[in-house]
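Chains as they are written, first to last, in the numbering used here: chain A, 1 to 180; chain B, 1001 to 1180.
Presented below is the structure to which this report refers.
2 protein chains.
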Amino acid sequence: MSVVLTAARLADEVGFENVTLAAVASRLGVRIPSLYNHVKGLPGLRRELALYGIRELNKRLQGAAIGKESDKAIESMLYAYRSFVRERPGLYQATLHAPDPQDREVQEASQAIIETVLTVLEPFHFKYEDALHVVRGFRSVAHGFVSLEAAGGFGLSLDTDESYRRLISVFLRGLHCSSL
Amino acid sequence: MSVVLTAARLADEVGFENVTLAAVASRLGVRIPSLYNHVKGLPGLRRELALYGIRELNKRLQGAAIGKESDKAIESMLYAYRSFVRERPGLYQATLHAPDPQDREVQEASQAIIETVLTVLEPFHFKYEDALHVVRGFRSVAHGFVSLEAAGGFGLSLDTDESYRRLISVFLRGLHCSSL
DNA sequence: CACGACAAACTAATGTAGTTAGCTTAAAAT
DNA sequence: ATTTTAAGCTAACTACATTAGTTTGTCGTG
């Protein structure tokens, strides 16, 4: 299996910050320097992990919106976002650690996610700029909840499924209700 | 200056993940092993950083709510959250990396933040459990936006101040509007 | 005043990780 | 048949964290 796929699996098991070249090499049954024939050191591996993760996340979001529209589509994508992070926690972490956020490919992949979300917002008929603000809100809600949950940031006492359900509901109501 | 305060400053300058004992020692004009007289190695330093960061954040949130109530108080606290992360990005990162989320002191400090937010939610007269869900939403919105912004996750083209203002507005409208 | 305890520094040594340089080998391309 | 390339390797170097054991000064107490 490729170095990046191996590293992604490893990340999910031990966390992104514990993905070392040593561990990847060991898992591949190979010596550390051999990896340098495939990735540009640890920074290069992390960049490729980030790229892979962003693209995978986008696929999930796209899949979640198929056959749904407006509120249902947004809700479905938010749940897909959470599922992705739960299934691939290490890979998701990697998406947040692109060494250089200016990297062209990374930016393109991120832009693709923005387009995905923009598409499901079309039924709302927002002005383009307004829709971009909403996309940022969407990502904030999804990332915020899901990363706090993954980090164990929520106490144990209360059902997190219900918390997420309600947060989604608040977000959607906020988008619709124009009072205030 | 204390080891933890020095490390916190350093974290803000170079990022939490680049806080090494070597760098802290160098800044204090001391050899690395000397730090072991003050903190329990790197894990111990990180734990103390997390604790310090959580408590500082709580102070900020409390300060922001003084003399405000309901919507204004929540809005003010969300802005304070963002200010804190902008001023002390490394220290904030530390709050998310408590080595052991079960740690008693860490849990108490986190609980104090929850209490702080619960206090400003009192005017809403939520049931206790409902209020807890809202607190999670509050933290998700704040953390989500602010950490994506800090990670350079938002493109450059659009004003982030405006995005945050709107997200807050959506959140508050969502809390009030009961349609759906 | 002397002595012991303690705080806080130090040196030395060990282990792990990332990186680079340079070598080997087998398969693919010319 | 020869060259190129892909993919592995060893060896050596650096940085960092950690532990063990040592030194030194201060401070309180007998």
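From the three backbone atoms N, C-alpha and C, an ideal C-beta is built for every residue, glycine too.
Quick caveat, the model's predicted, so the values are computed rather than measured.
Contact with chain B is found for residue 170(A), since one of that chain's Cβ atoms lies less than 7 Å from the residue's Cβ.
For the 7 Å CB-CB criterion, residue 1042(B) and residue 1021(B) form a contact. Residue 41(A) has a beta carbon lying at 7 Å or more from every beta carbon in chain B. Where residue 1145(B) is concerned, the enclosing alpha helix (DSSP H) starts and stops at 1128 to 1150. Put simply, the CB of residue 38(A) is far from chain B, with every gap to its CB atoms at 7 Å or more. Taking C-beta separations shorter than 7 Å and ignoring five residues to either side along the sequence, the partners of residue 1031(B) in its chain run 1025, following chain order. Here the region 45 to 65 of chain A makes contact with the region 90 to 109 of chain A; the two share three or more CB pairs at distances below 8 Å. Each of 64(A), 123(A), 130(A), 154(A) was checked against the Cα of residue 113(A), and the nearest Cα belongs to 64(A). Going by beta carbons, residue 144(A) and residue 1141(B) fall inside the 7 Å limit.
The beta carbon of residue 81(A) sits closer than 6 Å to the beta carbons of 142 from its chain, once the five residues preceding and following it are set aside; these are given in chain order. The C-beta separation of residue 1166(B) from residue 97(A) comes to about 27 Å, leaving the pair out of contact by the 8 Å criterion. Excluding residues up to 5 positions away in sequence, 160 lie with their Cβ nearer than 7 Å to the Cβ of residue 149(A) in the same chain. Taking 7 Å as the upper bound on Cβ-Cβ separation, chain B lies near residues 96 of the region 69 to 99 of chain A.
Taking 8 Å as the upper bound for CB-CB distance, residue 1162(B) and residue 1090(B) are not in contact here, some 26 Å apart.
Listed along chain B are 1140, 1141, 1144, each with a C-beta nearer than 7 Å to that of residue 141(A).
At the C-beta level, residue 1074(B) and residue 1120(B) come within 7 Å of one another.
A direct Cα-Cα distance of roughly 21 Å separates residue 176(A) from residue 1070(B).
Residue 158(A) and residue 1129(B) do touch by the CB rule: their CB atoms are close to 7 Å apart, below 8 Å.
Per DSSP, reduced to three states, the secondary structure at residue 39(A) is coil, with no helix or strand assignment. Relative to residue 1050(B), the option among 1079(B), 1072(B), 1005(B) whose CA is nearest is 1005(B). Boundaries of the alpha helix (DSSP H) around residue 172(A): 160 to 176. Residue 1133(B) has a beta carbon lying within less than 7 Å of a beta carbon in chain A. Annotation for residue 1001(B): no alpha helix (DSSP H) segment contains it, and DSSP assigns it neither H nor E. Nearest CB-CB separation between residue 151(A) and chain B: below the 7 Å threshold. Within the same chain, and ignoring the five residues on either side of residue 46(A) in sequence, the residues whose Cβ sits closer than 7 Å to its Cβ are 94, 97, 99. Nearest CB-CB separation between residue 2(A) and chain B: not below the 7 Å threshold.
Secondary structure of residue 96(A) (DSSP, three-state): coil. Contacts with chain A at 7 Å (Cβ-Cβ) include residue 1166(B). Not a single CB atom of chain A sits nearer than 7 Å to the CB of residue 1046(B). Taking 7 Å as the cut-off, the beta carbon of residue 101(A) is found closer than this to the beta carbon of residue 1152(B).
Taking 7 Å as the cut-off, the Cβ atoms of residue 88(A) and residue 1154(B) do not count as close.
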